[in-house]
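The next block holds one structure in the form of structure tokens; read it before the comments.
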DNA sequence: ATTCTATATTGCAATATTACGATAAATATT
DNA sequence: AATATTTATCGTAATATTGCAATATAGAAT
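In structure tokens:
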């Protein structure tokens with residue numbers, strides 16, 4: 247990403263942008279949707295569902311795990327991934343705050 | 247981003263990941279928060295508020311505009327940017343759907 | 001112990017993002 | 001018309017992301 251200036255932004259700004267960035271790739275969205283579709287913590291046959299190699303998917307999973315959007319627990323031979331509701335709620339709350347704040351904007355001005 | 251395989255994902259997956267990607271940079275979060283703080287469609291003195299050059303901010307604004315998170319209207323000499331509630335709601339709805347779906351996950355399984 | 005299966009890591013090539021100086025474009029002001 | 005002000009674009013260097021083959025690791029099954 248070129249020269250990063252994240253030192254100049256607040257911790258909260260960096261945190262929320264890191265969460266959003268983790269969601270900012272179609273493969274990672276697809277992985278999340280696959281986990282959702284299973285409605286449970288289904289393990290690593292994600293590879294069979296997506297047109298990506300096993301290392302690539304492992305890497306995307308790692309990125310989602312790094313920001314705590316998913317958590318994985320070892321289940322014998324396989325690993326059981328599932329979504330982390332706390333982190334999703336954090337995102338939800340932030341977007342909700344944006345919306346309620348933005349709605350205060352007077353309609354007779356430009357927006 | 248290296249070789250992109252967005253053709254293999256659904257339009258919806260690509261759309262939501264593009265929105266998230268646009269929010270995936272602290273400078274763009276800071277720009278949005280600046281617009282929110284003003285509670286109105288305040289124009290281009292964002293440059294004075296952020297530790298980034300004018301071309302860089304212009305580029306970030308363009309990215310936010312490309313995905314319709316903000317809209318800008320020419321206001322004489324300056325440009326009046328404001329948040330687009332429709333797009334924010336789209337993000338909100340998606341995150342909400344993720345959460346409600348994820349909550350169906352049985353608690354006796356791994357998550 | 002050896003083999004099988006599932007996942008992670010490493011190394012690297014291809015591509016994308018970020019940032020900014022220089023410059024252009026467009027409107028406002030004098 | 002000339003100048004100032006505001007925003008956009010171009011060019012380019014630095015860095016990050018993406019994807020995969022090859023390989024490593026770890027537990028299960030034989």
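Residue numbers (my numbering), protein chains in the order written: chain Z, 247 to 357; chain H, 247 to 357.
For glycine and all other residues, C-beta sits at the position ideal for the given N, C-alpha and C.
Chain-ordered neighbours of residue i on chain H, where CB pairs are closer than 8 Å
i: residue 341 (chain Z); result: 334, 337, 338, 341
i: residue 278 (chain Z); result: 344
Cβ of residue i within 8 Å of any chain H Cβ
i: residue 282 (chain Z); result: yes
i: residue 211 (chain Z); result: Any question about residue 211 (chain Z) goes unanswered here, given that chain Z covers just 247 to 357.
i: residue 329 (chain Z); result: yes
i: residue 255 (chain Z); result: yes
Neighbourhood of residue i by C-beta distance below 8 Å, restricted to the same chain and skipping five residues each side
i: residue 289 (chain H); result: 321, 324, 325, 326, 327
i: residue 258 (chain H); result: none
Any chain Z beta carbon closer than 8 Å to residue i
i: residue 270 (chain H); result: yes
i: residue 297 (chain H); result: yes
i: residue 307 (chain H); result: no
i: residue 260 (chain H); result: yes
Cβ-based neighbour list, residue i, same chain, cut-off 7 Å, excluding 5 preceding and 5 following
i: residue 276 (chain Z); result: 296
i: residue 337 (chain Z); result: 265
i: residue 245 (chain H); result: The question about residue 245 (chain H) has no answer here: the residues shown for chain H are numbered 247 through 357.
i: residue 287 (chain Z); result: 326, 327, 328
i: residue 262 (chain Z); result: 340
Residue of the options minimising C-alpha distance to residue i
i: residue 281 (chain Z); options: Z:336, Z:292, Z:256; result: Z:292
i: residue 346 (chain Z); options: H:340, H:347, H:332, H:348; result: H:332
i: residue 298 (chain H); options: H:316, H:315, H:274, H:283; result: H:274
i: residue 278 (chain H); options: H:342, H:330, H:256; result: H:330
i: residue 312 (chain Z); options: Z:348, Z:255, Z:267; result: Z:267
i: residue 305 (chain H); options: H:271, H:255, H:349; result: H:271
Within chain H, partners of residue i - CB distance below 9 Å
i: residue 267 (chain Z); result: 266, 267, 269, 270, 271
Reduced DSSP secondary structure (H/G/I, E/B, other) of residue i
i: residue 313 (chain Z); result: coil
i: residue 324 (chain H); result: strand
i: residue 335 (chain Z); result: helix
i: residue 263 (chain Z); result: helix
i: residue 329 (chain Z); result: strand
i: residue 304 (chain Z); result: helix
i: residue 256 (chain Z); result: coil
Proximal chain Z residues relative to residue i, where beta-carbon distance stays under 8 Å
i: residue 263 (chain H); result: 269, 270, 271, 272, 274, 275
Own chain residues within Cβ distance below 6 Å of residue i, not counting five before or after
i: residue 319 (chain H); result: 326
i: residue 300 (chain Z); result: 293
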